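Student: Let me give you the structure first, and then I'll get to my questions.
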Amino acid sequence: MAKQPSSNAAQRVRKKVRKNIADGIAHVHASFNNTIITITDRQGNALSWASSGGQGFKGSRKSTPFAAQVASEVAGRAAMEQGIKNLDVEIKGPGPGRESSVRALGALGIRITSISDVTPVPHHG
Numbered sequence: 004m005a006k007q008p009s010s011n012a013a014q015r016v017r018k019k020v021r022k023n024i025a026d027g028i029a030h031v032h033a034s035f036n037n038t039i040i041t042i043t044d045r046q047g048n049a050l051s052w053a054s055s056g057g058q059g060f061k062g063s064r065k066s067t068p069f070a071a072q073v074a075s076e077v078a079g080r081a082a083m084e085q086g087i088k089n090l091d092v093e094i095k096g097p098g099p100g101r102e103s104s105v106r107a108l109g110a111l112g113i114r115i116t117s118i119s120d121v122t123p124v125p126h127h128g
């Protein structure tokens, strides 16, 4: 006979805790196939993330600047709910969503304090 699930386990929902973190880092990974945006605090703990594929874009539409813009807006709004007001942006990769993701974060009203390119470059390797 199958075990019945307890009623407490079904009702236990974790409450989202609003953190008052003013500064953070937006890590934009722009590959040729997808764009992933992760917003972290200064210590590197993820506050929110979104990707082009996760927003419903499939196939070649994932790699468009518009898909990166939509993903940045989703991640940015979730970070603003956590209290983020200022962001440093670190861009990695050669993809087409590099510029549009930064513009989308700025359009949300988040103050972008610095933009840096952290794409790994080989040195004779």
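Under our numbering, residues 4 to 128 are what the sequence shown spells out, in order.
For every residue, glycine included, the Cβ atom is placed at its ideal position computed from N, Cα and C.
This one's a predicted model, so the numbers in the text were calculated from it and none came from an experiment.
Is the CB-CB distance between D91 and I39 below 7 Å?
Tutor: Not closer than 7 Å, so no.
Student: State yes or no: is the C-beta of S55 within less than 7 Å of the C-beta of N37?
Tutor: Cβ atoms of S55 and N37: closer than 7 Å.
Student: Report yes if the CB atom of A53 is closer than 7 Å to the CB atom of A78, and no otherwise.
Tutor: Yes, they are a contact pair.
Student: Between G96 and H32, how many whole angstroms is the CB-CB distance? I'm expecting something under 8 Å.
Tutor: The Cβ separation is near 6 Å, so the contact holds.
Student: In whole angstroms, give me the CA-to-CA distance for E76 and H30.
Tutor: Roughly 14 Å between the two C-alpha positions.
Student: To the nearest angstrom, how far is it from the Cα of S103 to the Cα of V73?
Tutor: Between S103 and V73, the C-alpha separation is close to 9 Å.
Student: In or out: F60 buried (at least 16 other Cβ within 10 Å) or exposed?
Tutor: So F60 counts as buried.
Student: Between the alpha carbons of S119 and I113, how many angstroms are there, rounded?
Tutor: Near 17 Å, if we compare the C-alpha coordinates of I113 and S119.
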